[in-house]
Each structure stands twice: as structure tokens, then as C-alpha cells.
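Trainee: Those protein sequences? They're chains A and B, same order as listed.
Numbering-wise, the first sequence is residues 378 to 701 according to the working numbering.
Numbering-wise, the second sequence is residues 522 to 842 according to the working numbering.
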Amino acid sequence: MGEKQNLLSLEDVCIGYETPTGTVRAVVNATLSLSAGDTLGIVGESGSGKSTLAHGILRLLPKTAVVTGRMMFQDVDLLRCDAKTLKDLRWKDIAVVFQKSMNSLSPVHKVGEQIVDIYRVHVPQATKEEVYDRMRHLLSVVNLPDRVLDLYPHQLSGGMLQRISISLSLIHQPKLVIFDEATTALDVVTQGQVLSEIRRLQSEMHVTSILITHDVSVVAETCRRVAVMYAGHLMEVGPVDQVLVSPRHPYTQGLLASFPSLSGARRRLRGIPGTLPDLKAEPKGCVFAPRCPKAFDRCHESMPPAVDTGTGCTVKCHLEGSER
Amino acid sequence: MGRYLGKRSLTGLLTVIVVLVLNFFLIHLAPGDPITILAGMDNPSQELIDITKAKYGLDKPIYVQLWTYIKTLLKGDLGHSIIQARPVSQLIMERLGNTLLLTLTSAVLALVIGTALGIAASRKPGSALDNVLSLIAYVLYSMPGFWLGLMLILLFSSTLRLFPTSGMVDARASYTGIAYVLDVLKHMVLPVGTLTLIGIPGYFRITKASLAQVLKDDYNTLFLAAGMDEKKIFRKYCFRNAILPTITTFGMRLAYVIAGSATVEIVFAWPGMGRLVMSAINTRDYPLLMGVYLVTSVSVAVWMILVDIFYAIADPRIRYS
């Protein structure tokens, strides 16, 4: 697994939002790598920093955000490259499917017109017909008729717009697609359809993807690897069949216990007592310690480092490598 | 769309009729009447008053008067001014051009300048430019037109002697051709300037507020993520989305341009509709007042329909069925 060329690698990425009352630490020391063809899910509760991390990769954060660390996309340092390099990279190499697809197109312009404009960013001389031809193919992949191009966004349903967003993200055959809560706003039936279309893209078109969601089941269905995020920290990163089957981190365990399982015996959903900590305060110990059922003295003193468990997982927990 | 237009035209017509009837009663029920004014203050003879009243039909019950008025209207006749003893339509036509010269010019100028400044201020919210423009807009917004007009006269006419104080043409010179046009232009500067200045803040604030909203829309992030130039996103997408409320405001303003601006016309002694209305009110010139109000209400009714149509063209989410 590690032998493959890394497409994206994050090293000690920290993202903070400057506010008048202090810095909100949205992402802390995130280290992560993604090889070509891989599919990574990032899960966590609302406000855990998943979307910030995704937007940080494309440098789409507001000016109040301060990003440190290293973000390498192939051999380009995303944090330090110039505007031209970044502009060339956007959509051509890294594309995004945003959460609110209903609003992610202008309401007073036709869908096709906007897509043509987006295509022409990288292929300025492209004719409308060329773009439509390309879109026709991509729309068929997500089971949409090409007449949607001549409609306005308000004439389409949320699920259709989400599918358009997905096919739009593939228009330049990007190396990496980030699905930022791409199915969150959809009903379960539509979500299921869209997820199966995403899965098809991954297997047939070999799209490397990052899927950001708060829904563990979405990750279980579509991803090979998963990163569990809590209060800006990547608590546990590893293959889905390990992290979601035998989670090592108490937070992952709690998160999994919060979701009902369709198979097996019915059991009480546990949930995790407490709420996310104040991200402005510098925590003394582990960020999860106040809510952790297994916390012990050391947990309240220092944040555990990321430990490689030797099974392809990294876990930020004092229980790892100590008295387990 | 056709059915919608038909329906809107019908309601527009009904509105005009209701306004006409209401106006008729209001004007006639108001204290004072044109005959008393015609007869003069000193020693009016009752006989003269009775004869004049009968001549204009004012001795009849008010509903009969209304019926007579509507009948003449249906013949395409706005009636005769009692005080000025001339056809109302002639009086209105004389003033209409003068007023449009003033109000239309300033309405367009205020739209263009106000919107441009609003865009400029929105590009960098909280910047020095934004703060200065917002302050100026605030001051202008709270300034009465007649007072601003007087100040402009004091500064540019009395002190700097750049422009004439009042009127539309130099009465002592009888210019023709280009000289006449230049003379009118010179007379226009201050009144148009006044109306433009007090019109700017509305467009400035609407543009600013609308853009502040639109710049936060999610499609901005998508286009940015797609590598699109920020300028292109702004020019093509934000602008079109932000301009919608401005269309409504400008359309409503256009509906009233033919009514003129009484206070500013009075300050600058501009021979326009506003002053015509003021004198008609003061002399209780019933037919003239009715005529001006009718023309205004028709203009408002027509413009509201036009605004709706234009709005539907600008915003595809609005479709009438």
C-alpha cells in the first residue's frame, strides 16, 4: 500500500481561524496521505474540522484562516504555490462536489451556460457543442438526461443538482475529487443512488476521492480508508475494514456505537456524552479526554501523538502502546 | 405570459378607475373651491358665483359631476382648466417634456452613479472607500431635496456664479438652435444635480446590501474552486444576481417621473409638472388636478406591469402563468 506514489500528502497541517477573541483551532497537526486510486473517507461530527481541511486543500478558506504545515499534491506544495499554479490545478487536477448543490450554481443562469464557463477556464477555445458533448457522456454516468443543461437550477431537484455537481466535477478528468458532504442533504433513497454512482466512478473511472461526511455508513459503503476526526485532530486513520470493524480509539468506538446496525441484534444506541470542546482554548491534555470513558491521568496532561499500530492504522491515543 | 398580461392589464385598468373615483371625491370634498378663487376675495357677487358654478356644472350633485367627467374622459378629453381657461391636456403636454428632462435625466444618473458606487464599496467591505462612501450616502439620504437645492444655489450660483439660479431658459435672451440647447443644459445642471444627489443613496445602499448577500452565495466557492477568475465571477454571476432589487427600485422610480418633483421644481422655478400640480391644488383647479392624477396613475399602472415583465426576463425563477 505504501509503495504507491502518494497523490496527496498532508504533513502537520494546522488551520486556525483568526477571530477578535482568539484563534479557533479548526485543524491541528493533520498528517495524512492518499495514493492514486485510493478512496478516503473523513468522518466526524459537525464542527470537527472536516470541511475546513477539505477547503484548505483547494485554498478556498476565508482570509481569516491561517494554514501551516505542508500539503503536497504530487510535487506541488499547495500552500506555497503561486496563484497561477493554483489556478491551473483547480478543477483540472482537484475538483470538489459541494454539500449544498442546490445553491452551488447561480440561480439566474442556465446550468449549461455555467458549465461551459467552468470548462472554458482551462480550455478557453472550447465551443458550447464540445462542452455539451462531454457533459452528455458524464451526465449519462450519473443517470441524467442532457436536457438538464438547458434548464435553470430551480427547475431541478436536489438529487439532480447533486448529480450535475458530480458530473461537473469530472469534466476535466481530475486526479482527485473531494466530495464535501456530497450526499448529506439528500433523502436516503437518493443518497443510496448517488453513492452507488460514486462507487461506480471510483471503480470504473479510477477516480481518487476524498469523501467527507458525518455518516459512518456512507464511508463504510464507499471508501477503502477512513480518517476519524474530532475537534480538529485525526484521531484514527486506517483501512475501513479495520477502523470500522475493530476500532482502537475510544472516540471511534463511541462514534460507531452511535449508529444503528441493520444486521445483528438490536441494541441501545449509546451516543457520546458531552459536546465538542471550545476550539479557541488550548487544551492541556487530549482533546477527547473530557468525554472519554477510558481517560486516565496521562490523558489530562498531554495530547497523545499519532502512533502507528503496525496494522496500517495510526491512532492518537495514550492507550496505544501503553497499558492496553 | 399572454394570459398573465391580460390579467395584469385588467387589474391595472381597475386600479386606475378606483383611483380616479377616489380622487374625484377627495378633491371635491376638500374645503374651498375654484369658483371662490375665481370670484376673488373682495366683494364677490353671489350672482357671478352662481353663474360660474352653473357654467362648470359645479351646482349639480357630486355623482352627476363624476358621471359628466367620465363621459368627457371617454371622448378622450381631459377637460378644461377652470382657472387657466385652457385644455388640461395642453397644459400637461407643455409641462411634461420639461419635467421628464429633469426627472428622467436624474433618475438615470442616480441609478448609474449609485449602483457604480455601491459596487465600488462592495469590492472591499470595511475599507476607507466603503466607509467614506457610506457616510456620504447617509448624509445625502437624510438631506431634504429643497434644502440641498438651496445650498447648491448659494454655492454655485450666488457665490461662484457658475450656473443660473432658476428657470429653464434665460428669459432675457431669446436663443435658438444650439445656443438654446446649451442654455437649457446650463439651467439643468443644478436641479438635475440636486435630484441625482438625493437619488444616489437609495441605489448605493440597495446595491451594497444585495452584493453583500450575493457574494456569500455558494456558487462563488464553486466557481473559485473551478479556477475561474474572481473578476469574471463578479462581472458575470454576482452582478446579475445582485442587480435584481435595483430593477424593482428603478422601475418604481420611473413610474413616478412624470409626476415631477414639486419641491425641487419650486426651488429652481422649473416649469414642470410638480409646480403645475402645486398651483392646481392651491387654486382647487378640479379638472387640472384630476387630469394630472389620472396621467400619473396610468403611468404607475403601466410601469408596474413593465417592471414585472422585465423582472421575469432578468430572473428566470419568476414565471407568470
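Yeah, the Cβ is synthetic: ideal placement off N, Cα and C, and Gly gets one too.
All values reported here derive from a predicted model rather than from experimental measurement.
(1) So that I know if they touch, is there some Cβ in chain B lying closer than 8 angstroms to that of isoleucine 495(A)?
(2) So is methionine 794(B) buried or exposed if we call it buried at 16+ other beta carbons inside 10 Å?
(3) Grouping DSSP H, G and I as helix and E and B as strand, with all else coil, what is glycine 523(B)?
(4) Three or more beta-carbon pairs under 8 angstroms between the segment 525-540 of chain A and the segment 471-490 of chain A, yes or no?
(5) Phenylalanine 673(A) CB to nearest chain B CB: under 8 angstroms?
(6) When every heavy atom of the ligand NAD is checked, does at least one fall within less than 7 angstroms of the C-beta of alanine 460(A)?
(7) The alpha helix (DSSP H) that contains proline 808(B), what's its start and end?
(8) For the alpha helix (DSSP H) that serine 481(A) lies in, which residues bound it at each end?
(9) Taking contact to mean at least 3 C-beta pairs separated by less than 8 angstroms, is the segment 416-430 of chain A in contact with the segment 584-596 of chain A?
(10) Exposed or buried, what is glycine 523(B) when buried is set at 16 or more other beta-carbons lying within 10 Å of its beta-carbon?
(11) Name, please, each residue of chain A whose Cβ falls closer than 8 angstroms to the Cβ of methionine 749(B).
(12) Could you tell me whether the Cβ atoms of isoleucine 721(B) and glycine 635(B) are closer together than 8 angstroms?
(13) Which value, in whole angstroms, describes the spacing of the CA atoms of leucine 516(A) and glutamine 734(B)?
(14) Could you tell me if arginine 756(B) is buried or exposed, where buried requires 16 or more neighbouring beta carbons within 10 angstroms of its beta carbon?
(15) Measure the C-alpha to C-alpha separation of phenylalanine 556(A) and arginine 467(A) and round it to an integer number of angstroms.
(16) Restricting to Cα atoms, I'd like to know which of Tyr509(A), Ser573(A), Ser534(A) and Gln532(A) is closest to leucine 545(A).
(17) Under 8 angstroms, Cβ to Cβ, is there at least one residue of chain B near methionine 537(A)?
(18) In three-state terms, what does DSSP make of leucine 385(A)?
(19) Is the beta carbon of proline 681(A) sitting closer than 8 angstroms to the one on cysteine 690(A)?
(20) DSSP three-state call for cysteine 694(A): helix, strand or coil?
(21) For the segment 725-742 of chain B, which residues have a beta carbon sitting closer than 7 angstroms to at least one beta carbon of chain A?
(22) Less than 8 angstroms between CB atoms is the rule here; does lysine 464(A) satisfy it with respect to chain B?
(23) Quick check: what's the CA-CA separation for leucine 681(B) versus aspartate 598(B)?
(24) So what does DSSP say about threonine 680(B), is it helix, strand or coil?
(25) Rounded to a whole number of angstroms, what is the C-alpha to C-alpha distance between arginine 529(B) and lysine 645(B)?
(26) What do you get for leucine 531(B), buried or exposed, if any count of 16 or more other CB atoms within 10 angstroms of its CB means buried?
(27) Return the chain-ordered list of same chain residues with a C-beta closer than 6 angstroms to the C-beta of arginine 402(A), the five sequence neighbours on each side being excluded.
(28) Assuming serine 679(A) and glycine 662(A) are in contact, meaning their beta carbons sit under 8 angstroms apart, how far apart are those beta carbons, in whole angstroms?
(29) List, in chain order, every chain A residue whose beta-carbon is nearer than 8 angstroms to that of proline 646(B).
(30) Which class does isoleucine 649(A) belong to by DSSP, given the choice of helix, strand or coil?
(31) Using 8 angstroms as the limit for Cβ to Cβ distance, is leucine 547(A) near chain B?
(32) Let's test the definition: count the other Cβ atoms within 10 Å of the Cβ of lysine 729(B) and tell me whether it reaches 16, buried, or not, exposed.
(33) Would you mind reading off the limits of the alpha helix (DSSP H) that contains methionine 449(A)?
(34) Is the Cβ of proline 397(A) closer than 8 angstroms to any Cβ of chain B?
(35) Among the residues of its own chain, which have a CB less than 7 angstroms from the CB of isoleucine 839(B), if the five just before and after it don't count?
(36) Rounded to the nearest angstrom, how far is the Cβ of alanine 776(B) from that of valine 821(B), given a contact under 8 angstroms?
Mentor: In brief:
(1) yes
(2) buried
(3) helix
(4) yes
(5) no
(6) Of ligands this structure carries none, so the ligand NAD is not represented either.
(7) 807-835
(8) Careful: serine 481(A) lies outside any alpha helix (DSSP H) and carries neither H nor E.
(9) yes
(10) exposed
(11) Asp494, Ile495 and Val498
(12) yes
(13) 31 angstroms
(14) exposed
(15) 15 angstroms
(16) Tyr509(A)
(17) no
(18) strand
(19) no
(20) coil
(21) Asp738, Asp739, Tyr740 and Thr742
(22) yes
(23) 47 angstroms
(24) helix
(25) 42 angstroms
(26) exposed
(27) Gly393, Gly609 and Leu656
(28) 6 angstroms
(29) Here the premise fails: no neighbours, minimum Cβ distance about 12 angstroms.
(30) coil
(31) no
(32) buried
(33) From DSSP, methionine 449(A) is part of no alpha helix (DSSP H) but of the beta strand (DSSP E) over 442-450.
(34) no
(35) Tyr832 and Ala833
(36) 4 angstroms
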